[in-house]
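Trainee: If you scroll down you'll find the structure; I have some questions about it.
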Amino acid sequence: MIADNDILESLQQQVQEAAARNTPLRLVGGDSKSFLGNSDNGEPLSLAAHRGIVNYEPKELVITARAGTPLRDIELTLAAQQQRLAFEPPHFGDGATLGGTIACGLSGPARPYAGSARDFVLGVRMLNGRGENLRFGGEVMKNVAGYDVSRLMCGAMGTLGVLLEISLKVLPGPEREITLVQERTPEEAIRVVNAWAARPIPLTASCYDGLHLYVRISGVAEAVAAGRDLVGGTELPDSDTIWQDIREHRHAFFDSTRPLWRLSLPPRTAPLALPGKELIDWGGAQRWLLSDAPGTSIRRIVAEHGGHATLFRRGVEHERFHPLSDALLKLHQRLKQAFDPVAILNPGRLYPDF
Amino acid sequence: MASRSPDKPIDKQQLVAQLRTILSSASIIHETEALRPYECDGLSAYRQIPLVVVLPETEAQVLKIMQLCHRRNIPVVARGAATGLSGGALPLADGVLLSLAKFNRILDLDPLDRSARVQPGVRNLAISEAAAGHGLYYAPDPSSQIACTIGGNVAENSGGVHCLKYGLTVHNILQLKVVMADGELVTIGSEALDTAGYDLLALMTGSEGMLGIVTEVTVRLLPTPQRAQVMLAAFDDVETAADAVGALIAAGIIPAGLEMMDGLALRAAEDFVHAGYPTDAAAILLCEVDGTNEEVSAATMRVRKLLLAQGAREVRTAKTEAERITFWKGRKNAFPAVGRIAPDYYCMDGTVPRKRLGEVLTTISGLSERYQLPVANVFHAGDGNLHPLILYDANQPGELQRAEDLGADILELCVRVGGTITGEHGVGHEKMQQMCVQFSAAELNQFRALKAAFDPQALLNPGKAIPLPRHCSEYRSLGGELLTRPGARQEASN
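So the sequence lines, in the order shown, correspond to chains A and B. Just so we're aligned: the first sequence equals residues 0 to 353 in numbering that gives the first Met the number 0. Just so we're aligned: the second sequence equals residues 0 to 493 in numbering that gives the first Met the number 0.
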């Protein structure tokens, strides 16, 4: 316990000193996601030693852990009680931590059906750019006291605060889970998967690889059996591997040297026919694109369809994340200023301007 | 035009004349008698006649009103159906009250995308009614859903009886159009599942009208469950009922709704709507399970068995849809039912960890005795979200003050056991003092800096939700006195 306090104090001191010296910090957990976002060159602030599960009571459906806790430790702890993180976060490496996962706001295959990382955030303890130790939200399911700062931290890429502790809602795992596969054209795949989602079928993942549509159904055995009859197709002998491979970008599709784009679109958007190769995930809402096409043209087409495009891996774009409108950029800059007035926390990691 | 200094009074006639360049005369209310219906929201203990009420019909009008008020430094309070229970829509004597009542159209409903684009004045229930033909519905269902509007739901991050399984407003909206304090229109979120940059959609939700004025909401629709089944379990004591809640969750069951009513509340409800509740029980639990036919059949059996094993005296399963609706009718009408047995009631909204429910209810019962005011408990047990209803008579000298003090003690109790002062009703005007208990000075300062990022002139709903440091130091010195009262210290150390 004393050691934990020492670590916390040291983190707080490092942030306060960096603020005093106006020295940018680069927040590092397990360093598994350094590829994500724009590069930044601050002094490393390591959260790895600030680890450990602070509170977990299965009955409360809540887990609170320090930011440096390995994501794998959390998943194993939950699995021992037949519970899990329902947003199925990708790890992208062995060292993935809870803090990095929430700061990057990453969710896996269940996202369109179960919700995103931010949907499960109940509270955070954090240091702002002044090094003040602040707590927002909590460990209860419903809490509307004050602005929802905890969810704001999710996906902020560490630019608004150093996450110290995170409380997440957890859910029981399903009794049974199957994956069905069937041949479809891209147009059909998008149409049927959205039509199924509008019916009471317990879908929990769906993905289209250009030829085959994969659909995961989870729940009590009887409901899974009924869903299988409605959806049809062949049941995979192993329901799990395909989703893990897609989530972790180990699937053959991702084996490429071309820039990898993540397109976020309204789910029913028809295939965009962008140059390159596409994997349609999240029932159409997340599409992975391997393409050498210029970023500006990819982003223009995606934006015309109501979406946004992130350059996820490789490539040479100046901005990894989709540019913001002038009004929103101004608001982002003011928010950054409100949390990190000297701009020392991961400056430029999210957008070059702040 | 020069901006107004804060201490200079607003020339009302001049303001009305300027508003007439934006709105028709019928959409501007400024005579005292006509303003009176706008003096409060659902928390009628607090009243204030606004300077003027405006009822715009178009986004362009809202933009112009906000630009005018920004230029003239006039505060603006937005108002939906005013069903809020924390005084969040309480007007300001020197401010404009902006009613969104005329923004009542459903603009678009896309069954394949499972989303609906609606104006903020659309009633919560009207969305589900419009979606029903497509086998879809809008999940958050606050008790006021017949009357409350989606714009107000966004401002408060409203919940309802189904949020343990289906989430709050924040989990069920996709996009907002927002008029900012400076009269600029921004779109936040999108019809995709995420947008670039900070999660402003989450931040706007529950911001109590202090960061922007919502002029359009795109909500997510869900497939209507094939079947829903409700069970009513009667218990001989409140703690056993509270423990049964945790046992259900621990068994891996996530009910669609899990509500509890104590003896006082269930008897009031029974007298009012004749739902067939067992009036001699100390508490009842209503547990709804939903999903496919198969899921519901499996869950009903498990829940019934578990509740009996946890000490329920009796578990009834609704045999027909009509009976299911009757079971719920008592719960949905619990507030007005309690309203019949006392001249006034004051509804609290703390949330506590589920495992502390039993203990918290016992402590509340002790507080009720000490303050000599009855408390009926009706609440979202699955979420640990309490709604103690404090019964009092405002015509008896000192009773309102006693009710408020008892309420404050209950909220501070919630914070002490690791919970929060508000689960879904918001801080509003009402719980400013308890914010000083829940948050440190540095945290409150961070909230204020965040507010200033959106609204540097503090024009949007000023004086609500986030207390000033001055208020907190006054309250903390008062709190010190309160804790020295007999009995208070012992309870504080529990």
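Glycine included, each C-beta is placed from N, C-alpha and C at the ideal position.
#1: Touching or not, the region 437 to 449 of chain B and the region 396 to 406 of chain B, by the rule of three or more beta carbon pairs under 8 Å?
#2: Kindly indicate if chain B contains any beta-carbon less than 8 Å away from that of A/MET0.
#3: In the region 76 to 97 of chain B, which residues sit with their C-beta less than 9 Å from some C-beta in chain A, listed in chain order?
#4: With H, G and I counted as helix, E and B as strand and the rest as coil, what does DSSP make of A/ASN345?
#5: Here's the rule I'm using: 16 or more other beta-carbon atoms within 10 Å means buried, otherwise exposed. How should A/MET0 be labelled?
#6: Using the Cα positions of B/SER492 and B/TYR370, report the straight-line distance between them to the nearest angstrom.
#7: Straight-line CA distance for A/VAL341 to A/PRO23?
#8: Measure the alpha-carbon distance for B/VAL288 versus A/LEU278 and round it to whole angstroms.
#9: Can you find the residues in the same chain that come closer than 8 Å, C-beta to C-beta, to A/VAL219, ignoring five residues on each side of it along the sequence?
#10: Helix, strand or coil for A/GLN81, going by three-state DSSP, please let me know.
#11: Could you have a look at A/HIS211 and say whether DSSP puts it in helix, strand or coil?
#12: Who are the neighbours of B/ALA441 on chain A, taking C-beta pairs under 9 Å?
#13: Check the Cβ-Cβ distances between B/VAL218 and every residue of chain A, and say whether any is below 8 Å.
#14: Can you tell me whether B/LYS7 is buried or exposed, with buried defined as 16 or more other CB within 10 angstroms of its CB?
#15: Check whether chain B comes within 8 Å of A/LYS276, counting only Cβ atoms and requiring the distance to be less than that.
#16: Under the rule that 16 or more other beta-carbon atoms within 10 Å means buried, what is A/GLY354, buried or exposed?
#17: Give me the subset of the region 344 to 366 of chain B whose CB atoms are less than 8 Å from a CB atom of chain A, sorted by chain position.
#18: Any beta carbon of chain A sitting closer than 8 Å to that of B/ASN523?
#19: For B/TYR344, does the three-state DSSP call read helix, strand or coil?
#20: Going residue by residue through the region 240 to 285 of chain B, where are the continuous alpha helix (DSSP H) segments of at least 4 residues, counting only ones entirely within it?
#21: Buried or exposed, going by whether 16 or more other CB atoms sit within 10 Å of the CB of B/SER472?
#22: Return the chain-ordered list of same chain residues with a C-beta closer than 6 Å to the C-beta of B/GLN437, the five sequence neighbours on each side being excluded.
#23: Determine whether the beta carbon atoms of B/LEU96 and B/VAL52 lie at a separation below 8 Å.
#24: Can you name the residues of chain B whose CB is closer than 8 Å to the CB of A/VAL320?
#25: Once DSSP output is grouped into helix, strand and coil, what is the label at A/GLY218?
#26: For B/LYS498, I'd like the list of residues in its chain whose CB is within less than 8 Å of its CB, leaving aside the five on either flank, ordered along the chain.
#27: Could you pull out every residue in the same chain whose Cβ sits closer than 8 Å to the Cβ of B/ARG496, ignoring the five residues on either side in sequence?
#28: What's the gap between the Cα of B/ALA146 and the Cα of B/THR82?
#29: Answer with buried or exposed for B/GLN489, where buried requires no fewer than 16 other C-beta atoms within 10 angstroms of its C-beta.
#30: Just grab the DSSP bridge partners of A/LEU262 for me.
#31: Apart from the five residues on each side of it in sequence, which residues of its chain come closer than 6 Å, Cβ to Cβ, to A/ARG190?
#32: Entirely within the region 77 to 131 of chain B and at least 4 residues each: give me those alpha helix (DSSP H) ranges in chain order.
#33: Check whether the region 151 to 167 of chain A and the region 60 to 80 of chain A touch, using three or more Cβ-Cβ pairs below 8 Å as the test.
#34: Helix, strand or coil for B/ASN384 per DSSP?
#35: If the cut is a Cβ gap below 7 Å, which residues of chain B does A/LYS32 touch?
#36: For B/GLY338, which of B/ARG78, B/ALA125, B/GLY365, B/ALA264 has the nearest alpha-carbon?
Mentor: According to the structure data:
#1: no
#2: In this prediction, A/MET0 has a pLDDT of 47, which is less than 50 and means its spatial position is unreliable; nothing more can be read from the coordinates.
#3: none
#4: coil
#5: With a pLDDT of 47 at A/MET0, under the threshold of 50, the predicted position of this residue should be treated as unreliable, and no value is reported.
#6: Caution applies to B/SER492, whose pLDDT of 33 falls short of 50 and renders its modelled position unreliable; the model cannot decide the point.
#7: 9 Å
#8: 36 Å
#9: PRO173, GLU174, ARG175
#10: coil
#11: Of the three classes helix, strand and coil, the one that applies to A/HIS211 here is strand, per DSSP.
#12: ASN127, ARG129, GLU131, ASN132, LEU133
#13: no
#14: By the neighbour-count rule (16 or more Cβ atoms within 10 Å), B/LYS7 is not buried but exposed.
#15: no
#16: The question about residue 354 of chain A has no answer here: the residues shown for chain A are numbered 0 through 353.
#17: Answer in chain order: THR350, VAL351, PRO352, ARG353, LYS354.
#18: It is not possible to answer for residue 523 of chain B, since the shown part of chain B is limited to 0 through 493.
#19: strand
#20: 262 to 272
#21: The residue is exposed, with fewer than 16 neighbouring Cβ atoms inside 10 Å.
#22: VAL414, ILE420
#23: yes
#24: The question names Val, but residue 320 of chain A in the sequence shown is Phe. Chain B residues near A/PHE320: ALA195, GLY196.
#25: strand
#26: The first residue shown for chain B is 0 and the last is 493, placing residue 498 of chain B beyond what the model contains.
#27: With chain B represented from 0 up to 493, any question about residue 496 of chain B goes unanswered, as that position is not in the structure.
#28: 7 Å
#29: Any reading at B/GLN489 must be qualified, since the residue scores a pLDDT of 33, below 50, and its modelled position is unreliable; the value itself is stated next. B/GLN489 comes out exposed.
#30: A/ARG286, A/ALA308
#31: none
#32: At a cut-off of 4 residues, the continuous stretches assigned as alpha helix (DSSP H) that sit fully inside the region 77 to 131 of chain B are 123 to 130.
#33: yes
#34: strand
#35: None at all; the shortest Cβ gap to chain B is about 16 Å.
#36: B/ALA264
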